[in-house]
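Number of protein chains: 2
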Amino acid sequence: MADIQPFHVMELLRRARELEAAGRDIIHMEVGEPDFPTPQPIVEAASRFIANGAVHYTPGLGLPALREAIARFYHDRFGADVAPERIIITSGASGALMLALAATTNPGDEWLLPDPGYPSNRHLVRSFEGKAIAIDVGARQHYQPTPAQVEAHWSARTRGLMVATPANPTGTLLSGEALTHLHHSTSTQGGLLLVDEIYQGLTYGVESSTALAIPELGNAEDVFVVNSFSKYFGMTGWRLGWLVAPQAYVREIEKLAQHYFISPSTPAQQAALSAFKPGTIDILEARRHEFARRRDTLLPCLRELGFEIGSEPQGAFYIYANIATLAEDSEQFARKLIETAGVAITPGLDFGSHRPREHVRIAYTTHCERLLQAVERIRAAL
Amino acid sequence: MADIQPFHVMELLRRARELEAAGRDIIHMEVGEPDFPTPQPIVEAASRFIANGAVHYTPGLGLPALREAIARFYHDRFGADVAPERIIITSGASGALMLALAATTNPGDEWLLPDPGYPSNRHLVRSFEGKAIAIDVGARQHYQPTPAQVEAHWSARTRGLMVATPANPTGTLLSGEALTHLHHSTSTQGGLLLVDEIYQGLTYGVESSTALAIPELGNAEDVFVVNSFSKYFGMTGWRLGWLVAPQAYVREIEKLAQHYFISPSTPAQQAALSAFKPGTIDILEARRHEFARRRDTLLPCLRELGFEIGSEPQGAFYIYANIATLAEDSEQFARKLIETAGVAITPGLDFGSHRPREHVRIAYTTHCERLLQAVERIRAAL
Numbered sequence: 001m002a003d004i005q006p007f008h009v010m011e012l013l014r015r016a017r018e019l020e021a022a023g024r025d026i027i028h029m030e031v032g033e034p035d036f037p038t039p040q041p042i043v044e045a046a047s048r049f050i051a052n053g054a055v056h057y058t059p060g061l062g063l064p065a066l067r068e069a070i071a072r073f074y075h076d077r078f079g080a081d082v083a084p085e086r087i088i089i090t091s092g093a094s095g096a097l098m099l100a101l102a103a104t105t106n107p108g109d110e111w112l113l114p115d116p117g118y119p120s121n122r123h124l125v126r127s128f129e130g131k132a133i134a135i136d137v138g139a140r141q142h143y144q145p146t147p148a149q150v151e152a153h154w155s156a157r158t159r160g161l162m163v164a165t166p167a168n169p170t171g172t173l174l175s176g177e178a179l180t181h182l183h184h185s186t187s188t189q190g191g192l193l194l195v196d197e198i199y200q201g202l203t204y205g206v207e208s209s210t211a212l213a214i215p216e217l218g219n220a221e222d223v224f225v226v227n228s229f230s231k232y233f234g235m236t237g238w239r240l241g242w243l244v245a246p247q248a249y250v251r252e253i254e255k256l257a258q259h260y261f262i263s264p265s266t267p268a269q270q271a272a273l274s275a276f277k278p279g280t281i282d283i284l285e286a287r288r289h290e291f292a293r294r295r296d297t298l299l300p301c302l303r304e305l306g307f308e309i310g311s312e313p314q315g316a317f318y319i320y321a322n323i324a325t326l327a328e329d330s331e332q333f334a335r336k337l338i339e340t341a342g343v344a345i346t347p348g349l350d351f352g353s354h355r356p357r358e359h360v361r362i363a364y365t366t367h368c369e370r371l372l373q374a375v376e377r378i379r380a381a382l
Numbered sequence: 001m002a003d004i005q006p007f008h009v010m011e012l013l014r015r016a017r018e019l020e021a022a023g024r025d026i027i028h029m030e031v032g033e034p035d036f037p038t039p040q041p042i043v044e045a046a047s048r049f050i051a052n053g054a055v056h057y058t059p060g061l062g063l064p065a066l067r068e069a070i071a072r073f074y075h076d077r078f079g080a081d082v083a084p085e086r087i088i089i090t091s092g093a094s095g096a097l098m099l100a101l102a103a104t105t106n107p108g109d110e111w112l113l114p115d116p117g118y119p120s121n122r123h124l125v126r127s128f129e130g131k132a133i134a135i136d137v138g139a140r141q142h143y144q145p146t147p148a149q150v151e152a153h154w155s156a157r158t159r160g161l162m163v164a165t166p167a168n169p170t171g172t173l174l175s176g177e178a179l180t181h182l183h184h185s186t187s188t189q190g191g192l193l194l195v196d197e198i199y200q201g202l203t204y205g206v207e208s209s210t211a212l213a214i215p216e217l218g219n220a221e222d223v224f225v226v227n228s229f230s231k232y233f234g235m236t237g238w239r240l241g242w243l244v245a246p247q248a249y250v251r252e253i254e255k256l257a258q259h260y261f262i263s264p265s266t267p268a269q270q271a272a273l274s275a276f277k278p279g280t281i282d283i284l285e286a287r288r289h290e291f292a293r294r295r296d297t298l299l300p301c302l303r304e305l306g307f308e309i310g311s312e313p314q315g316a317f318y319i320y321a322n323i324a325t326l327a328e329d330s331e332q333f334a335r336k337l338i339e340t341a342g343v344a345i346t347p348g349l350d351f352g353s354h355r356p357r358e359h360v361r362i363a364y365t366t367h368c369e370r371l372l373q374a375v376e377r378i379r380a381a382l
């Protein structure tokens with residue numbers, strides 16, 4: 001437990017709530033979930049399903065119809081052929097990561113993770129008595145690890161490499177070519193590649209993609225892909241995600257899924273059956289354009305204020321900025337912004353130990369008018 | 001992974017589905033979930049909540065209003081004073097067990113578990129690199145461990161004892177006195193007591209109870225209680241449970257809960273707010289009487305057929321029977337019953353390694369008429 005850290009932003013949030021209780025207006029740019037509601041076609045599917053109360057367990061790997069719907073989505077949207085049998089429905093992407101790590105990680109096994117990165121990943125590795133090894137990534141390499149770094153960090157105990165595209169907190173992507181090279185590195189060493197595609201679909205100016213559409217990776221025996229209904233599909237509170245595992249792992253993971261979760265939420269699965277329908281996708285694409293507009297609004301303003309954005313984010317809904325010219329310490333800076341500007345952002349410390357004091361994450365999960373208001377308030381505070 | 005076993009009943013179920021696909025009628029007495037739908041007041045609360053789509057994350061420990069509702073339930077129904085701060089809402093009781101074990105178990109730590117017992121418990125212990133130590137329990141001791149057994153199995157590495165009341169697969173209870181004695185044993189050794197109350201409320205001829213109402217246990221620093229909305233409240237598919245942890249563990253568990261789950265299902269939590277309302281409890285109590293009627297119908301019939309039920313079940317919805325006079329091996333027996341009688345039951349092997357070949361679990365999660373039909377078919381098959 002001593003190795004498991006809390007989210008540091010929680011302390012800031014407690015302070016934000018205090019200020020709000022005292023009547024202050026706080027602009028929340030620390031939030032990791034879309035401000036949009038769950039699309040109506042998805043809500044209506046859930047309502048219809050639960051109406052008669054027949055909300056029983058599903059198979060441990062999820063509803064066959066949903067596994068097939070996801071396979072069709074991979075085919076129709078990305079031209080990727082993924083057997084439904086390899087698709088495991090999980091309790092959020094967290095559940096998918098948990099299953100993939102529990103099924104593959106022995107005590108002392110090492111996983112390579114980019115730093116900065118989503119903090120829960122390394123805590124999940126640690127929970128199964130694995131060891132998370134940080135690969136420091138900077139703006140020049142778009143906050144993504146290189147094959148040379150993977151090779152340099154690889155040891156006899158390394159089990160695999162975890163990457164995210166789009167990434168949290170940086171919003172950067174990995175190209176198909178970059179993924180292929182990374183896979184070559186892990187594969188040559190006999191290790192695994194785990195690709196977090198939780199923010200898939202939320203890309204701006206770039207077509208959304210999947211590692212599963214890359215010929216060398218799509219049916220590889222050593223590639224896992226994690227995905228979620230939370231972000232693009234607007235279903236955070238429903239807690240539903242999925243894991244695409246190599247066929248040889250599916251029976252093993254089924255055992256774990258039954259013991260860990262029995263089955264994923266049935267209302268969420270029934271709701272998600274409507275996530276891929278054309279009417280839903282229309283709503284989601286309109287939201288994507290809105291996110292693009294927000295990014296395009298916020299990015300130049302932040303730069304103008306002195307936030308240094310070394311690698312332009314092309315996905316997710318985050319801007320990762322260097323604030324070294326504005327403040328000495330990102331945590332103090334974040335605290336100051338809450339107190340004096342009424343703006344909540346996330347200090348770098350929540351994403352690892354590679355220069356966290358110089359960085360903050362700013363989420364554009366609120367509308368443009370509010371973002372511009374935040375910019376003005378930050379300007380005044382600076 | 002080699003130590004993680006699947007549910008053996010799954011193989012039987014595959015065969016059952018084959019037979020059903022070929023037109024055979026199978027009576028399912030292997031199912032571990034109530035056949036009743038989720039009560040309408042709970043469904044309606046969920047429908048109202050999701051209607052506008054605002055289904056966002058909740059705090060990692062769950063909705064404050066739900067934690068308070070559970071605290072009131074403990075007070076009003078059992079006279080137990082439990083601080084809402086100690087109540088952690090989880091993704092099913094599985095999530096509660098996972099958090100309790102992950103927060104307390106170091107690699108090599110031992111947990112004592114009654115055998116027979118619910119199999120996922122030992123696999124969760126194993127997943128966090130702990131060691132599950134079986135305490136063989138028989139009918140004469142009502143399938144519950146004794147303080148003498150706890151002392152005999154205790155080692156320098158023992159972290160605690162896990163018990164269940166009502167228990168799965170045996171349906172037996174632990175009295176307040178028995179729990180107090182067990183706690184005395186674990187406490188003297190400096191260990192933990194984890195009480196699984198997942199089937200709380202489903203007792204027949206005996207008042208339902210909780211370890212938290214026992215003065216010595218209610219606020220003890222070393223007692224965890226796990227509970228669920230699945231069984232008594234009829235909410236299996238929603239995947240919602242809770243953990244009552246000693247105050248000193250709550251901050252630690254909050255860290256894990258955020259990393260493992262982000263938060264429990266929001267629609268499920270909103271639905272569960274209506275679980276304790278008088279109108280809902282009336283529905284649930286009527287169901288409890290129906291379960292009692294089923295038990296009272298099935299038990300004498302099984303005995304007449306030669307099933308030996310050494311300790312009469314007083315809770316849950318299972319009968320655990322010795323079939324040594326009917327067959328040599330419970331797995332072959334279960335297979336035979338599917339093939340020749342069209343009746344599915346669970347062989348003992350799913351519940352541990354203490355005389356599993358002599359035992360089966362029979363669930364009365366189907367109505368009386370159907371139970372009697374099963375009895376007639378079994379009679380013919382024997």
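Line by line, the protein sequences are chains A and B. Quick note: the first sequence, position 221, residue 221 per the UniProt record's numbering, numbers continuous. Quick note: the second sequence, position 57, residue 57 per the UniProt record's numbering, numbers continuous. C-beta: ideal position from N, C-alpha, C; glycine also.
At which residues does the beta strand (DSSP E) containing residue i begin and terminate?
i: N227/A; result: 223-228
i: A220/A; result: Where A220/A is concerned, there is no enclosing beta strand (DSSP E), given that its DSSP letter is neither H nor E.
Using a Cβ cut-off of 9 Å (strictly closer), state whether residue i contacts chain B.
i: H259/A; result: yes
i: R157/A; result: no
i: E20/A; result: no
Does residue i come out as helix, strand or coil in the three-state DSSP assignment?
i: R355/B; result: coil
i: P114/B; result: strand
i: H28/A; result: strand
i: K131/B; result: strand
i: E308/A; result: strand
i: G190/B; result: coil
i: N52/B; result: coil
i: P347/A; result: strand
i: Y260/A; result: helix
i: L182/B; result: helix
i: W242/A; result: strand
At which residues does the alpha helix (DSSP H) containing residue i begin and terminate?
i: residue 409/A; result: With chain A running from 1 to 382 in the structure shown, residue 409/A is simply not present.
i: D296/A; result: 278-305
i: M98/B; result: 92-104
i: G160/A; result: First-last for G160/A: 158-164, but that is the beta strand (DSSP E), not the alpha helix (DSSP H).
i: A271/B; result: 266-272
May I have the straight-line CA-CA distance separating residue i from residue j, to the nearest angstrom?
i: T203/A; j: P264/A; result: 28 Å
i: P116/A; j: Y318/A; result: 13 Å
i: N219/A; j: W242/A; result: 17 Å
i: G160/A; j: R355/A; result: 24 Å
i: A65/A; j: D282/B; result: 36 Å
i: D196/A; j: L192/B; result: 37 Å
i: Y199/A; j: T38/A; result: 16 Å
i: L173/A; j: Q144/A; result: 8 Å
i: E331/B; j: A363/A; result: 56 Å
i: I50/A; j: L240/B; result: 15 Å
i: T186/A; j: I135/A; result: 14 Å
i: Y320/A; j: G138/A; result: 11 Å
i: Q314/B; j: L194/B; result: 21 Å
Counting only beta-carbon separations shorter than 9 Å, does residue i have a partner in chain A?
i: G352/B; result: no
i: W111/B; result: no
i: T236/B; result: yes
i: G92/B; result: yes
i: E252/B; result: yes
Could you say if the region 165-185 of chain B and the region 248-256 of chain B meet the contact criterion of at least three C-beta pairs nearer than 8 Å? no
Check distances from the C-beta atoms of the region 53-85 of chain A to those of chain E and list, in chain order, the residues that come in under 8 Å. Structure shown: chain E not included; protein chains present are A and B.
contact_flag[the region 189-206 of chain B, the region 284-295 of chain B] where n(CB pairs < 8 Å) is 3 or more: yes
Does the region 374-382 of chain B come close enough to the region 296-316 of chain B to have 3 or more Cβ pairs within less than 8 Å? yes
Counting pairs of Cβ atoms below 8 Å between the region 337-347 of chain B and the region 143-157 of chain B, do you hit three or more? no
Touching or not, the region 92-107 of chain A and the region 226-234 of chain A, by the rule of three or more beta carbon pairs under 8 Å? yes
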